[in-house]
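Numbering (this note's numbering), first residue to last: 8 to 163.
Built from N, CA and C at the ideal position, the CB exists for glycine as well.
First up is the structure itself, then whatever we jot down about it.
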């Protein structure tokens with residue numbers, strides 16, 4: 008019921024935009040913890056924007072609209088995101104790959120390694136990536152736009 012509502016909401020918003028885009032699929036990720044709503048377009052830059060800022064705004068808008076209807080219609084809370092041409096999924100893979108490389112560097116030098124500044128969502132991806140890794144610990148440091156993840160090697 009919730010996914011049908013979100014799909015229809017995405018389609019309504021896409022119809023109001025001057026972008027030729029179509030809804031593709033709904034897919035569960037992380038064993039059903041996250042639901043991905045895929046959109047495809049030949050003009051992805053119009054929906055993604057610089058560094059994904061337009062896509063982040065689109066996601067924020069859809070989540071706020073869903074939250075408003077959630078109370079009215081008794082929808083359960085779900086964790087979801089809208090992805091355009093698999094941009095976010097690729098970005099998550101890139102963040103995990105970079106974090107993996109930096110963790111290997113921390114292991115090799117038996118020290119801590121700082122990543123470049125990241126937004127809260129990207130930092131959460133890195134922290135969750137190392138949740139069950141015994142010899143690696145992560146922590147966020149810095150303030151505002153300079154906040155970053157530090158990957159620390161822990162001898163076992």
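Short of 6 Å in beta carbon distance, which residues of its chain neighbour residue i, apart from the five on each side in sequence? Order them along the chain.
i, result
"residue 129", "102"
"residue 136", "103 and 106"
By Cβ distance, which residues of its chain are closer than 7 Å to residue i, with the 5 residues on each side in sequence left out?
i, result
"residue 56", "62"
"residue 10", "33 and 42"
"residue 50", "26 and 27"
"residue 171", "Past the edges of the chain, shown from 8 to 163, lies residue 171, and the structure says nothing about it."
How far does the beta strand (DSSP E) with residue i in it reach, from first residue to last?
i, result
"residue 30", "28-36"
"residue 140", "Here residue 140 belongs to no beta strand (DSSP E), and DSSP marks it neither H nor E."
"residue 88", "87-91"
"residue 48", "41-48"
"residue 159", "155-160"
"residue 57", "Note, residue 57: premise wrong, no beta strand (DSSP E); not H, not E."
What is the C-beta distance between residue i and residue j, in whole angstroms, given that I count them as a contact (C-beta under 8 Å)?
i, j, result
"residue 26", "residue 65", "About 11 Å separates the two Cβ atoms, so there is no contact after all."
"residue 16", "residue 69", "6 Å"
"residue 88", "residue 43", "6 Å"
"residue 28", "residue 52", "Not really, about 12 Å apart at Cβ, beyond 8 Å."
Whose C-beta lies closer than 8 Å to the C-beta of residue i among residues of the same chain, with five residues either side of it excluded?
i, result
"residue 149", "124 and 155"
"residue 113", "119, 120, 143, 158, 159 and 160"
"residue 12", "73, 76, 80 and 82"
"residue 14", "30, 33 and 44"
"residue 94", "51, 55, 59 and 62"
With residue i as the anchor, note down where its alpha helix (DSSP H) starts and where it stops.
i, result
"residue 19", "9-23"
"residue 135", "127-136"
"residue 206", "Because the chain spans 8 through 163 in this model, residue 206 falls outside it and cannot be assessed."
Quick one: any contact between the stretch 118-128 and the stretch 153-163, if contact means 3 or more CB pairs under 8 Å? yes
Should the stretch 130-137 be called in touch with the stretch 74-91, which here means at least 3 C-beta pairs below 8 Å? The stretch 130-137 makes no contact with the stretch 74-91: fewer than 3 CB pairs, one atom from each, lie closer than 8 Å.
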